[in-house]
Amino acid sequence: MKESLREIYTGLSSLITGLGITLRQFFKPVVTVQYPHESLKMPARFRGHIELVRDPATGKPLCYACKLCEKACPTDCITVEGLKRDGEKRKSVSEYHLDFTRCSLCGSCVEACKSGAIRFSKEYNLAGTSKEEFILDLFRRLEREGK
Amino acid sequence: MSPSEVIAAPEGQRETFVLNLGPQHPATHGVLRLKLTMDGEFIVRAEPVCGYIHRMHEKMAENRSYAQFLPNTSRIDYLSAMTYTHAFVGAVERAAKLEVPPRAEFIRVITSELNRISSHLVWLGAYLLDLGGFTPLLYAFDDREKILDLLEGVTGARLTYCYYRFGGVCNDVDEAFTRGTKEFVAYMRPRLDMYRALVTDNIILRKRLVGIAPISAETCRKYGATGPVIRGSGVAYDVRRREPYSAYPLFDFEVPNFPEGDCMARYLVRMEEMAQSLRIIEQAVDRLPEGPVMATAVPRVLKLPAGDVAYAVEAARGRFMVHIVSDNKEIPYRVKLRTPSLSNLSLFEEASQGLVLPDAVALLGSLDLVIPDIDR
Amino acid sequence: MNPDSPQAHEESAAASAGQPGGNGASGPSVLVGPPALDQHTPLLALLEQGLASEQGGSSVEAPALAGKAVDFASRGYHVEMTVAPERVVLAAQLMDSSGFALDTITGVDWLAEGQMELLYDYFHPESPTRVLVRCRVPRAAPEAPTISAVFPGANWHERETHEFLGIRFQGHPNLTPFLLPEDADYHPLRKDYAA
Amino acid sequence: MSALAAIQIGEPLRLVLFLLGIMAFVGFNAAYLVWAERKGAGRFQRRVGPSEVGYAGLLQPIADAVKLLTKQVLVPPGADATLFRAAPILVIAPALISLAVIPFGPALAARDLNVGLIMIFAFGSVNVMALMLGGWSSRNKYAIISAARVVSQNVAYEIPMLLVVVTMLLVTGTMSLTKIVEDQAGGFWHWNLFRLAANPLMPLTFLTFYICMLAETNRAPFDMAEAESELVAGAYTEYAGMGFGVFFMGEYANILLGCSLATVLFLGGWQCPFGLLPGVFWFLVKLYLLVFSVIWVRWTFPRTQFYGLLNLSWKILIPLSLGTLVLSAAMIKLLGR
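Residue numbers (the working numbering), protein chains in the order written: chain A, 1102 to 1248; chain B, 355 to 730; chain C, 4 to 198; chain D, 8 to 344.
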């Protein structure tokens, strides 16, 4: 009998402390970020989908279509086409497609790239209505950015 | 009728019906299906049906080079992705005899332990949700957010990190990370006391967990269950102590185990493990040595010597072992991923005999299953 | 860094601690002391003597077992034993009686040699010893006795190995596909499996 | 107050007006208690709760109501259509009828029956049968398990609640709720909660009543019927659209009924704590404090295990309420009213 009475007592006191804790939380400020109105700044090393890097001097993409990234990618997401424009020593990129539906953001391509021509972008809200929208054309995107 | 009478009742007498718990069910936390043969609300026989999220990682491993399989390892058990990559990277280093610099080993221990705490916090929230308490989930996820921000600052990812490389880690840890980790340890300790007051000592929770679904150490051994499940049955089996790897022998931490083997014991093991992980992180951050984070002589094309190599780590759910059979080519011949959730779930059929539905849900939650971990 | 010297491990806090598989084991070892290389003779002797004594009675003249100690630092297990398919259940019973737990069953398809191999990994909850039992079966009709009677945990491992490689386990209570759909009759992990 | 009492409208019109007022009160409350619960749950969990629809989410309940109205009510195949449709109505009807007897203010009881207390509990048991009907008629295994649970849970908690009510009958001497509130006039020390002379264990009796009220309405730690993590949505699994909406309103109407009954019986209905100007305001303040405590309890505790729930009632609450009944009978016999 004494045992069950003590158990009832400890039980009730544990309920009361539980209520006390949630009440204290009730009056504390909100911790959540109200997303559409406020949004967080992504850290420096954040891994969004990759993007081409522009050569600061000439303004053209650094990539010369050596296809190292294409070979390094585990899921074959990258297809690169390059052509040798006259008046230039090396090839330069003309087509750069990234199939973001299969990319696992592992960074093997960025590491494999010798000339630092691709890096992670800070994009994270990528809503789309069809799968084709996620076959990203990075070359076109770089040009559009250029404008 | 008490549980034992349910099982004892002769076959003919019971009118049973089959209830499908899953694959679409809040209590299974993933696409696991439990075919429960029930008599009223007692479970006569439970048969887990798996395979709904089977992606065949082992076949993928057989047509990818070692470096290309790295992203897969963090997608087997996405809640303790760091430890799973640690196992695969460790196996390759063990076979190729790569020397990992001490700073990289310390960083691996810190990030693995942070990952373990974040995995236990997800378990705590989801388990309380199974038992009907909604609020602790939000508090646990609030704490976990701090860990994810820390790891995101260093690795760039929040869940499936691709941070370890053969021979070290891909980029170094900055001062903000070490300071942030120290702040997190100081912040988390009082939070653990808050969870003890709000949840562990709560009489309703104790009535839900104490003495429910006891599992003996012998059953754990027979089914190969490891991690908090076997530590909840009194066996202090921890891969970090049994097969020491990385820099774990340099840190002192206890392996919590409780003899009762019921849901409460497994719950207390995980809560205590979070405190132990905090101790490890604290020691590791204090003694973080200087130096490179990447081994120098890592061959560009990695070929493992022919034969077998096995490497086991203590993941959040238990012993994760990678067994690579290689035939001296850059693509492995066969990779076996021994996942803890598969063995932990295999004892569910025996442990849930005669339980009531709410207790079966409590048992399922106490096993802390990640379904892709079972199906691979 | 000599992998066998455990004490090099303890006092060198800042030294290269990255020796994977260093053996500073502190668990109470039921069977074998810290797994330095030569420590395994007692386990090996026990297993060989146990298996050999059975073999005397069995009619089939199976090749005797070939057990050998292995360097943990480079392989990840301490003792390796090659056993004939009929000995698998016996080996499992020996492992069970010495307190081991079944880690996993790996099936490997050696297409070139026309054989399939079964790897039984064992770990021990109390002692740091790790044992690997190998068993070769012909590729044409891969058959092996089930050990789910000894280790109920093996039930699912065997179902998985059966559906991935087609190795039939005699006496298995329910050899239906475990991860693949119920009506799957293909074996994906076979080397000659056309996707 | 006196102005209102002065208007002498014909009896039937007054009753109809009051009933319409109560239905409006329940309708408004059912909608905005949902909003209060979601906002309260948010604040307990350090998040905001609905804040997009209208200022601070005030239009959220209306949005929910419109959504539920536009959804089609599907009757599962092979289900008993008439019972399936009747169940939600039978959940909300008893609550509405019982609220007619609750004295919201000095002259604000729709119909002041002198058997008000018994009438409330007479209709209270219809609620159990309605949930069981809903569960059984939707031909869904989860719903049937939940229906079985609802019956045993409500039966287990009906008894201690009635014992407490009988104790209160002894203490107050009357069953008409208005009279019960009237003789709690004066400061809060006149409330039945503090009338220790008649029943020294009065706070315990109030606690028992509160626990039984929670269990009767399948709320908080006792929500075995709608245990979302085991039974998906329990008895409401197969209900969509307005069927689910009416069940939901029924649940909140029952909470309103339970809390207002507790206010009337223990906390002196519309009496002001300091004996100044009694009125509807005080009744609503006490009512919403109790409703807040129901929300507070729900978002703090996990769910009890089914056997724990029944043990709590049969082994603790019933002996306790029987004890207080005998004790208060003895006290009244010895000390007189």
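The C-beta atom is built at its ideal place from N, Cα and C for all residues, glycine as well.
Remember, predicted model here, so these are calculated numbers, not experimental data.
Contact with chain C by R688(B), beta-carbon distance below 9 Å: yes
query: Would you call A716(B) buried or exposed, if buried means 16 or more other Cβ atoms sit within 10 Å of its Cβ?
result: buried
field: Inter-residue Cα distance where the pair is V92(C) and V136(C)
entry: 11 Å
- prompt: V583(B) to N134(D), Cα distance in whole Å?
  reply: 43 Å
task: Tell me whether Y314(D) sits in a helix, a strand or coil according to DSSP, three-state version.
output: helix
Members of the stretch 639–665 of chain B that neighbour chain C once the beta carbon cut-off is set at 8 Å: R641, P643, G661, D662, V663, A664 and Y665
- prompt: Beta carbon of V679(B), beta carbon of R671(B): below 9 Å?
  reply: no
task: Mark I464(B) as exposed unless 16 or more other C-beta atoms lie within 10 angstroms of its C-beta, in which case mark it buried.
output: buried
query: Nearest to G326(B) by alpha carbon, out of H677(B), D393(B) and D729(B)?
result: For residue 326(B) there is no data in the structure shown, the boundaries of chain B being 355 and 730.
query: Exposed or buried, which one is M1102(A) when buried takes at least 16 other CB atoms within 10 Å?
result: exposed
query: Using DSSP with H/G/I as helix, E/B as strand and the rest coil, what is G110(C)?
result: strand
Y420(B) versus E684(B): straight-line alpha-carbon distance, rounded: 7 Å
message: Can you tell me whether A540(B) is helix, strand or coil according to DSSP?
response: helix
task: Report the three-state DSSP secondary structure of A72(C) (helix, strand or coil).
output: strand
- prompt: Going straight from the alpha carbon of A669(B) to that of D503(B), what length do you get?
  reply: 21 Å
Cβ-based burial, N698(B) [other Cβ within 10 Å; buried from 16]: buried
query: Taking a cut of 7 Å between CB atoms, which residues from the stretch 608–630 of chain B lie near chain C?
result: none
- request: State yes or no: is the beta carbon of W321(D) nearer than 9 Å to at least one beta carbon in chain B?
  value: no
- request: Can you tell me the Cβ-Cβ gap for L184(D) and G123(D), rounded? I've got them flagged as a contact below 8 Å.
  value: 4 Å
- request: Buried or exposed for H440(B), please, with buried defined as at least 16 other CB atoms from any protein chain shown within 10 angstroms of its CB.
  value: buried
message: Any beta carbon from chain D within less than 9 Å of A551(B)'s own beta carbon?
response: no
task: Starting from Q1135(A), trace the alpha helix (DSSP H) both ways and give me its first and last residue.
output: No alpha helix (DSSP H) contains Q1135(A), which DSSP labels as neither H nor E.
task: Find the residues of chain B that neighbour C1207(A), judging by a C-beta separation of less than 7 Å, and give them in chain order.
output: L424, P425 and C516
- prompt: For the beta strand (DSSP E) that contains C138(C), what are its first and last residues?
  reply: R133 to P141
message: Just to confirm my understanding: we take A187(C), look at its own chain, exclude 5 residues before and 5 after, and list those with CB closer than 6 Å. What are they?
response: P180
query: Name the chain B residues whose beta carbon is nearer than 8 Å to that of G1217(A)?
result: Going along chain B, no residue has its Cβ under 8 Å from G1217(A), so there is no contact; the nearest lies around 14 Å.
- prompt: What residue does the beta strand (DSSP E) around G252(D) start on, and which one ends it?
  reply: G252(D) -> not in any beta strand (DSSP E); alpha helix (DSSP H) instead, spanning M249 to F273.
Segment limits, alpha helix (DSSP H) that includes N3(C): The structure shown has nothing for residue 3(C), since chain C only spans 4 to 198.
field: With 16 other Cβ atoms within 10 Å as the buried cut-off, status of D1187(A)
entry: exposed
field: Through-space distance from E1104(A) to L221(D), alpha-carbon basis
entry: 27 Å
CA nearest to the CA of K1142(A), picked from L1113(A), T1230(A) and S1222(A): S1222(A)
message: Applying the 10 Å Cβ sphere with the 16-neighbour rule, what's the burial state of R533(B)?
response: exposed
message: By the three-class DSSP mapping on this structure, what secondary structure does Q52(D) have?
response: coil
task: May I ask you to report which of helix, strand or coil DSSP gives A664(B)?
output: strand
message: Please report the distance separating the alpha-carbon of A232(D) from that of N161(D).
response: 10 Å
- request: Assuming R193(C) contacts D112(C) (C-beta within less than 8 Å), just tell me the rounded distance between them.
  value: 5 Å
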